[in-house]
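Worksheet for the structure shown next.
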Amino acid sequence: MRPITLTLAALVLALALAAPAAAGETAAALTRESALTAIMERGVLRVGFDTFVPWAMKDKSGAFIGFEIDVAERFASDLGVRVELVPTAWKGIIPALLAGKFDLLIGGMSIRADRAQQVYFSEPYYFSGQSMVASRAKAADLKTLEDYNDPSVVIVARTGTTAQKALETHFPKARKRLFEKEPQALQELLSGRAHAFVSMAPLPAQQAAEHPEALFVPVERNLTNEPNGIAMRKGDPDLLNYVNSWIQQIRGEGWIQERYHYWFMTADWKDRVE
18 MRPITLTLAA LVLALALAAP AAAGETAAAL TRESALTAIM ERGVLRVGFD TFVPWAMKDK
78 SGAFIGFEID VAERFASDLG VRVELVPTAW KGIIPALLAG KFDLLIGGMS IRADRAQQVY
138 FSEPYYFSGQ SMVASRAKAA DLKTLEDYND PSVVIVARTG TTAQKALETH FPKARKRLFE
198 KEPQALQELL SGRAHAFVSM APLPAQQAAE HPEALFVPVE RNLTNEPNGI AMRKGDPDLL
258 NYVNSWIQQI RGEGWIQERY HYWFMTADWK DRVE
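Every position in the sequence shown, counted from 1, becomes a number in this note's numbering once 17 is added.
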């Protein structure tokens with residue numbers, strides 16, 4: 018039995034000595050395969066988003082500007098690469114990310130459990146919420162939120178968004194009309210074919226301010242409070258760790274709060290697009 022015992026002891030010792038080397042090789046392989054490494058070697062960060070005022074939109078020259086554009090440009094700059102913006106229809110934006118059309122999705126996406134089944138989310142870098150604007154002509158007699166939860170009421174929103182989820186949660190009985198873009202839904206409201214429009218704040222309040230004769234805000238508070246994160250393909254903890262560390266950095270600096278205030282709490286940027 019003694020020779021067998023010695024052989025087993027030698028095998029255990031050999032495995033113990035080999036473990037650090039194997040772990041090092043695994044870590045090195047993961048680093049080589051990391052999307053972060055690929056981005057840095059390429060020198061380009063590809064960012065997916067869809068247009069949504071004031072998250073991302075075109076200015077008078079045709080260049081993209083907005084809150085999420087600022088975030089994407091700052092991220093790329095801090096990483097030492099240039100940014101390549103990849104406008105993508107919202108309905109197919111997660112499939113496009115999974116297909117490798119871009120590296121990160123920086124587009125005002127709310128963190129949701131169903132989405133997290135498909136992608137990694139960073140920690141929240143800001144919070145947003147759905148709010149509502151209503152037609153003075155059609156909704157004048159609707160005094161409470163519960164009044165809008167009625168089969169005779171038509172509420173419009175953008176398809177595939179958390180606005181659609183908010184409709185299903187808060188107004189299950191109302192008739193819902195969904196559109197690919199916010200301007201289409203707003204036109205439905207302004208033309209008198211809908212009672213209300215639900216979208217991410219501050220867009221509804223901005224529309225009420227722009228069309229005071231036609232629209233009003235029925236409730237001041239948001240319908241939801243949603244954490245927004247940067248999305249990426251699963252299986253890459255290296256990139257996820259970097260993104261989370263970067264978010265903590267810019268929040269600590271106060272940069273993200275300043276950019277949020279500029280785009281969502283002021284109208285200082287409007288002359289750049291009108």
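Yeah, the Cβ is synthetic: ideal placement off N, Cα and C, and Gly gets one too.
Being a predicted model, the structure only gives us computed values, none of them experimental.
With which residues is residue i paired in a DSSP beta bridge?
i	result
M249	Y137
I82	M74
I172	K193, A213
E101	R63
F69	A73
L121	V64
L114	Answer by DSSP bridge pairing: none, since L114 is not bridged.
L206	According to DSSP, which records beta bridges pairwise, L206 is partnered with nothing at all.
Have a look at the options and flag the residue whose alpha-carbon is nearest the alpha-carbon of residue i.
i	options	result
R192	V173, D76, L206, A154	V173
M57	A89, V88, A80, L96	L96
R194	Q147, S208, N239, T176	T176
Q134	D288, P104, M249	M249
F138	A89, I247, G117	I247
M217	P112, Q147, E291, E205	Q147
A90	A284, I267, W286	The sequence given here places Glu at residue 90; Ala does not occur at that position. Ranking A284, I267, W286 by Cα distance to E90 puts I267 first.
L207	K77, R129, V171	V171
L62	T54, F69, T68	T54
E50	Y279, K251, T283	K251
G117	V136, A130, D131, M126	V136
L184	A157, D158, H212	H212
T283	E237, Q265, A226	A226
D253	V100, F69, W72, L121	L121
D131	I111, L162, H187	I111
D67	A52, E237, G125	G125
E237	A157, T161, A52, S78	T161
F119	H278, G65, V290	G65
L256	Y279, G269, F92	F92
G83	N166, W280, D158	W280
DSSP three-state label for residue i, please.
i	result
P219	coil
R129	coil
G109	helix
S145	strand
A151	strand
L159	coil
F188	coil
A39	For A39, the pLDDT reaches just 45, beneath the cut-off of 50, and the residue's location in the model is therefore unreliable, although a value from the coordinates is still provided. In this structure, A39 counts as helix in the three-state DSSP scheme.
Is there contact here, the stretch 256 to 270 with the stretch 195 to 207, by at least three beta-carbon pairs under 8 Å? Taking 8 Å as the limit for Cβ pairs, the verdict is that the stretch 195 to 207 does not touch the stretch 256 to 270.
Is the stretch 150 to 157 close to the stretch 222 to 233, with three or more CB pairs under 8 Å? As far as the Cβ criterion goes, the stretch 150 to 157 touches the stretch 222 to 233, which means the pair count is three or higher.
Which parts of the stretch 237 to 281 are runs of the alpha helix (DSSP H), unbroken and 4 residues or longer, counting only runs that do not cross its ends? Restricting attention to alpha helix (DSSP H) runs no shorter than 4 residues, the stretch 237 to 281 encloses them at 254 to 270, ordered along the chain.
Kindly confirm or deny that the stretch 128 to 148 and the stretch 266 to 273 touch, where touching means at least three C-beta pairs closer than 8 Å. A contact exists between the stretch 128 to 148 and the stretch 266 to 273.
Taking 8 Å as the threshold, find out whether the stretch 94 to 112 comes into contact with the stretch 214 to 221 through three or more Cβ pairs. Taking one beta carbon from each stretch, the stretch 94 to 112 and the stretch 214 to 221 have fewer than 3 pairs nearer than 8 Å; the two do not touch.
Inter-stretch contact (C-beta, 8 Å, three-pair minimum) for the stretch 240 to 257 and the stretch 177 to 184: At 8 Å Cβ cutoff, the stretches touch.
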